[in-house]
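S.K.:
2 protein chains.
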Amino acid sequence: MDEISTPGRVAEPGAGITLHELQLAARNHGLPLEAMRYDLTPPGLHYLLIHYDIPYLPADAWRLRVDGLVDRPLELDLAALRTMPTHTVRVTMECAGNGRARLEPRPVSQPWLVEAIGTAEWTGVPLRHVLAAAGVDASAVELVFTGADHGVERGVEQDYQRSLTVADASEPDVLLAYAMNGAPLTPQHGAPVRLVTPGWYGMAQVKWLVRIEAVATPFEGFQQATAYRFRQQPDEPGEPVTRMAPRALLVPPGFPDFMSRVRVVRPGPVPLEGRAWSGRSPVTAVEVSADGGGTWFPADLDPPNMHRWAWRRWRAAWTATPGTHVLTARALTADGEEQPTAQAWNRGGFANNAAQHVEVHCLT
Amino acid sequence: MDEISTPGRVAEPGAGITLHELQLAARNHGLPLEAMRYDLTPPGLHYLLIHYDIPYLPADAWRLRVDGLVDRPLELDLAALRTMPTHTVRVTMECAGNGRARLEPRPVSQPWLVEAIGTAEWTGVPLRHVLAAAGVDASAVELVFTGADHGVERGVEQDYQRSLTVADASEPDVLLAYAMNGAPLTPQHGAPVRLVTPGWYGMAQVKWLVRIEAVATPFEGFQQATAYRFRQQPDEPGEPVTRMAPRALLVPPGFPDFMSRVRVVRPGPVPLEGRAWSGRSPVTAVEVSADGGGTWFPADLDPPNMHRWAWRRWRAAWTATPGTHVLTARALTADGEEQPTAQAWNRGGFANNAAQHVEVHCLT
Numbered sequence: 071m072d073e074i075s076t077p078g079r080v081a082e083p084g085a086g087i088t089l090h091e092l093q094l095a096a097r098n099h100g101l102p103l104e105a106m107r108y109d110l111t112p113p114g115l116h117y118l119l120i121h122y123d124i125p126y127l128p129a130d131a132w133r134l135r136v137d138g139l140v141d142r143p144l145e146l147d148l149a150a151l152r153t154m155p156t157h158t159v160r161v162t163m164e165c166a167g168n169g170r171a172r173l174e175p176r177p178v179s180q181p182w183l184v185e186a187i188g189t190a191e192w193t194g195v196p197l198r199h200v201l202a203a204a205g206v207d208a209s210a211v212e213l214v215f216t217g218a219d220h221g222v223e224r225g226v227e228q229d230y231q232r233s234l235t236v237a238d239a240s241e242p243d244v245l246l247a248y249a250m251n252g253a254p255l256t257p258q259h260g261a262p263v264r265l266v267t268p269g270w271y272g273m274a275q276v277k278w279l280v281r282i283e284a285v286a287t288p289f290e291g292f293q294q295a296t297a298y299r300f301r302q303q304p305d306e307p308g309e310p311v312t313r314m315a316p317r318a319l320l321v322p323p324g325f326p327d328f329m330s331r332v333r334v335v336r337p338g339p340v341p342l343e344g345r346a347w348s349g350r351s352p353v354t355a356v357e358v359s360a361d362g363g364g365t366w367f368p369a370d371l372d373p374p375n376m377h378r379w380a381w382r383r384w385r386a387a388w389t390a391t392p393g394t395h396v397l398t399a400r401a402l403t404a405d406g407e408e409q410p411t412a413q414a415w416n417r418g419g420f421a422n423n424a425a426q427h428v429e430v431h432c433l434t
Numbered sequence: 071m072d073e074i075s076t077p078g079r080v081a082e083p084g085a086g087i088t089l090h091e092l093q094l095a096a097r098n099h100g101l102p103l104e105a106m107r108y109d110l111t112p113p114g115l116h117y118l119l120i121h122y123d124i125p126y127l128p129a130d131a132w133r134l135r136v137d138g139l140v141d142r143p144l145e146l147d148l149a150a151l152r153t154m155p156t157h158t159v160r161v162t163m164e165c166a167g168n169g170r171a172r173l174e175p176r177p178v179s180q181p182w183l184v185e186a187i188g189t190a191e192w193t194g195v196p197l198r199h200v201l202a203a204a205g206v207d208a209s210a211v212e213l214v215f216t217g218a219d220h221g222v223e224r225g226v227e228q229d230y231q232r233s234l235t236v237a238d239a240s241e242p243d244v245l246l247a248y249a250m251n252g253a254p255l256t257p258q259h260g261a262p263v264r265l266v267t268p269g270w271y272g273m274a275q276v277k278w279l280v281r282i283e284a285v286a287t288p289f290e291g292f293q294q295a296t297a298y299r300f301r302q303q304p305d306e307p308g309e310p311v312t313r314m315a316p317r318a319l320l321v322p323p324g325f326p327d328f329m330s331r332v333r334v335v336r337p338g339p340v341p342l343e344g345r346a347w348s349g350r351s352p353v354t355a356v357e358v359s360a361d362g363g364g365t366w367f368p369a370d371l372d373p374p375n376m377h378r379w380a381w382r383r384w385r386a387a388w389t390a391t392p393g394t395h396v397l398t399a400r401a402l403t404a405d406g407e408e409q410p411t412a413q414a415w416n417r418g419g420f421a422n423n424a425a426q427h428v429e430v431h432c433l434t
């Protein structure tokens, strides 16, 4: 297996994107940023990161096993799940690797720039109801979630698996979701049932969920203890990747050049808008710069609403003058966390929320 | 404009994928090949190539102008279009640039490997009914189709525009489509109305359609006369890119390594399957090779059906033995056209239907 499945690596400085990275970029996809105009991301535009293949899991054959340290092991089919109480949550979701391809040096994996995001309304059964039905034993410390997707990663053959502490899994907005924006899940978003953990990066939101096991010791599987850790050196244990760092993104104004994606505007007022979110403390302010971060001015942030886990829209006025400009925006949270303008590098390329740069060329 | 919008170019031999190509790959996306298992591509998995931005074109504000050399210029809204006769056609659609990133040297543009495909059922009004209502003058030779998408390409600011001859536009399956798989078009697929020209590469199927103009001379706009031509040298006029070349693709068997996408199988029988299509003469046979094209054996092609413009499924039996194998498949048509195993290079990177290679590692 070692000849086809190699250790993680970091690209040489200046090296172009490899065929392996391109293969991932051609399968997975980000949100075209102009689609941030929609509160809910239209079907098909939400970002997608699929580690292995989309498994074939027909709804009528699907079963969810709940076992391990529980009083009453369960095997639920979709009809049984649908008889339980339902809840709908609007969630902005982001890949933990968003921003990876902007890091220098570049960790070699799915090469996201800034577009690995999307917002959807997920409907399903709050996980705590299922846990209560099974009766999680007091000796359990974590729940391990297993997906039906199967592959190899850095030499390890595996089903995709992640864990949450019993406390995190019992949060009222954590769902076993069977609908997305009012429609049954599509195959690529985890049909028929996936885990949704609002505020967390995407790796925690296990798709094609087939098993939940209550365990007595922290889970040490590949996606928990090997991948998705913040590391400077390959051999250190690293801290786990968990909740989304604050981020603001601009809808690129004007119109693009096909190849460079540089934006073109005409002189005069150019309304700016975008979205901001955080999986930690809520975003309370957004600032914008039209000179690449030299000077900042405040944006108007839409008022807080009932959607705690969804992005908020912001707007700002800008007057374009002939020449080239670099627009950027940054989010600030209630806890005082400020989105950085410089990268915080790590070997996996996780949680790089360095502020976006949008190059704009204003015609004369 | 020239500083941000440069001429077409070809990458130096061995050069990695550039940031500009990656930006396109992160926005646009192909079909994950395992999704060829579905006759109709699930929502969100159909390939997408968007030259500029997805325009904002609400259905209630949309109008289609039909003018130029016509007896009765029309301005249709969606309600008016929906009162006309409807027709549904199942269409396999492919980007003209599919296969571009496998060419050596590599033309620099959207870097597709082999996945820029999808199959959908499009519903709308046959264009010939609209042309009859407008009364196309006998002096008209072509119809020019204008989309609402606007951008710059190689220094030329433009709305996206393509033409068809009056004869091609009058084919009974050419549609002004307002539904895809029974649902209204999504923004990224051309909402509210797009042109669908079965058998042609995607560039002809103008999205966000707002105008049809009948003209007396062949259209010489950018997307017709500059882009989408087969050229060996930048200054030659070149032949136009039109209908899809024959192609067969395999569903990669087994399971993948995350990073290399090399497939892993266990020894023994491994059923192979895939799809084949052509926009020219119909596919009549598919051949498969398990040794990279050294020897070929026939696949079982599903019988012809009513869907002339959609892919057909094929199946083949293969017994895996330990070691590395390269699987490939090729389509043959009623006209005797055989899908090549070597590339036919051109500067734009169009219509590269050289047979796919799937590397498979069989465990012991």
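Going down the list, the sequences are from chains A and B.
For what it's worth, our numbering labels the leading residue of the first sequence as 71, then goes sequentially.
For what it's worth, our numbering labels the leading residue of the second sequence as 71, then goes sequentially.
Glycine included, every Cβ here is placed at the ideal spot set by N, Cα and C.
So which of A:Val140, A:Pro196, A:Ala315 has the shortest CA-CA distance to A:Thr153?
M.R.: A:Pro196
S.K.: Which residues in the same chain have their Cβ closer than 6 Å to the Cβ of A:Ala369, if we skip the five residues on either side of it in sequence?
M.R.: Val356, Val358, Trp384, Ala386
S.K.: Taking 8 Å as the threshold, find out whether the segment 188 to 206 of chain A comes into contact with the segment 231 to 240 of chain A through three or more Cβ pairs.
M.R.: yes
S.K.: Between which two residues does the beta strand (DSSP E) containing A:His427 stretch?
M.R.: No beta strand (DSSP E) contains A:His427, which DSSP labels as neither H nor E.
S.K.: Please check if any C-beta of chain B sits within less than 7 Å of the C-beta of A:Ala85.
M.R.: yes
S.K.: Taking only beta-carbon atoms, is A:Ile74 less than 7 Å away from chain B?
M.R.: yes
S.K.: How many angstroms separate the CA atom of A:Thr411 from the CA atom of A:Gly363?
M.R.: If I take the Cα positions, the gap works out to 7 Å.
S.K.: Which chain A residues sit within Cβ distance under 9 Å of B:Ile258?
M.R.: Here the sequence assigns Gln to residue 258 of chain B, which means Ile is not the residue at that position. The answer, in chain order, is Pro102, Ala105, Pro112, Gly114, Leu115.
S.K.: Here's the rule I'm using: 16 or more other beta-carbon atoms within 10 Å means buried, otherwise exposed. How should B:Leu279 be labelled?
M.R.: buried
S.K.: Taking Cβ-Cβ distances below 7 Å as the criterion, which residues of the segment 261 to 285 of chain A are in contact with chain B?
M.R.: none
S.K.: Using the rule of at least 16 other Cβ atoms within 10 Å of the residue's Cβ for burial, across every protein chain shown, is B:Asp130 buried or exposed?
M.R.: exposed
S.K.: From the DSSP output, which residues share a beta bridge with A:Arg224?
M.R.: The partner list for A:Arg224 (beta bridge, DSSP) is empty, contrary to what the question assumes.
S.K.: Could you tell me the distance, in whole angstroms, from the CA atom of B:Leu94 to the CA atom of B:Arg336?
M.R.: 36 Å
S.K.: Determine the chain B residues that contact A:Tyr126 at a beta-carbon separation under 9 Å, and present them in chain order.
M.R.: Glu104, Arg107
S.K.: Which residue from B:Ala210, B:Pro177, B:Met376, B:Ser351 puts its Cα closest to that of B:Gln302?
M.R.: B:Pro177
S.K.: At a Cβ threshold of 7 Å, is A:Pro323 touching chain B?
M.R.: no
S.K.: I'd like to know if B:His395 contacts chain A, where contact means its C-beta is closer than 7 Å to some C-beta of that chain.
M.R.: No, its Cβ sits nowhere closer than 7 Å to a Cβ of chain A.
S.K.: Apart from the five residues just before and just after A:Gly269, which ones in its own chain have a Cβ nearer than 7 Å to its Cβ?
M.R.: Arg313, Met314, Gly349, Trp379
S.K.: Within 10 Å of its beta-carbon, does A:Ala399 have 16 or more other beta-carbons around it, so buried, or fewer, so exposed?
M.R.: buried
S.K.: Can you tell which of A:Gly406, A:Tyr230, A:Asp372, A:Tyr126 has its C-alpha closest to the C-alpha of A:Gln258?
M.R.: A:Tyr126
S.K.: Any idea which residues DSSP pairs B:Arg107 with across the strands?
M.R.: Beta-bridge pairing links B:Arg107 to no other residue.
S.K.: What span of residues does the beta strand (DSSP E) with A:Asp137 cover, start to end?
M.R.: Run containing A:Asp137: 134 to 138, per the beta strand (DSSP E) assignment.
S.K.: Just grab the DSSP bridge partners of A:Gln180 for me.
M.R.: Answer is none; A:Gln180 lacks a bridge partner.
S.K.: What are the residues that DSSP puts in a beta bridge with A:Pro322?
M.R.: For A:Pro322, which the question treats as bridged, DSSP gives no partner whatsoever.
S.K.: Roughly how far, in whole angstroms, is the beta-carbon of A:Arg382 from the beta-carbon of B:Gly100, given that I think they are within contact range, below 8 Å?
M.R.: Contact flag wrong, Cβ pair sits at about 32 Å.
S.K.: Terminal residues of the continuous beta strand (DSSP E) containing A:Val266?
M.R.: 264 to 266
S.K.: Measure the C-alpha to C-alpha separation of B:Pro374 and B:Ile187 and round it to an integer number of angstroms.
M.R.: 20 Å
S.K.: Is there contact here, the segment 130 to 139 of chain B with the segment 209 to 217 of chain A, by at least three beta-carbon pairs under 8 Å?
M.R.: no
S.K.: Is there a Cβ from chain A that is less than 7 Å from the Cβ of B:Tyr230?
M.R.: no
S.K.: What does B:Ala122 reach in chain A if we use C-beta pairs closer than 8 Å?
M.R.: Note that residue 122 of chain B corresponds to Tyr in the displayed sequence, not to Ala. Within chain A, the residues near B:Tyr122 are Phe325, Pro326, Phe328.
S.K.: Would you say B:His90 lies against chain A (beta-carbon separation less than 7 Å)?
M.R.: yes
S.K.: Is A:Val334 close to chain B? Criterion is C-beta to C-beta, closer than 7 Å.
M.R.: yes
S.K.: Would B:Glu164 count as contacting chain A if we go by Cβ distances under 7 Å?
M.R.: no
S.K.: Three Cβ pairs or more, each shorter than 8 Å: is that satisfied between the segment 72 to 79 of chain B and the segment 323 to 333 of chain A?
M.R.: Segments in contact, yes.
S.K.: Taking the beta carbon of A:Pro288 as the centre, do at least 16 other beta carbons fall within 10 Å, making it buried, or is it exposed?
M.R.: exposed
S.K.: Within the continuous beta strand (DSSP E) that includes B:Arg400, where are the two ends?
M.R.: Unbroken beta strand (DSSP E) run through B:Arg400: 393 to 403.
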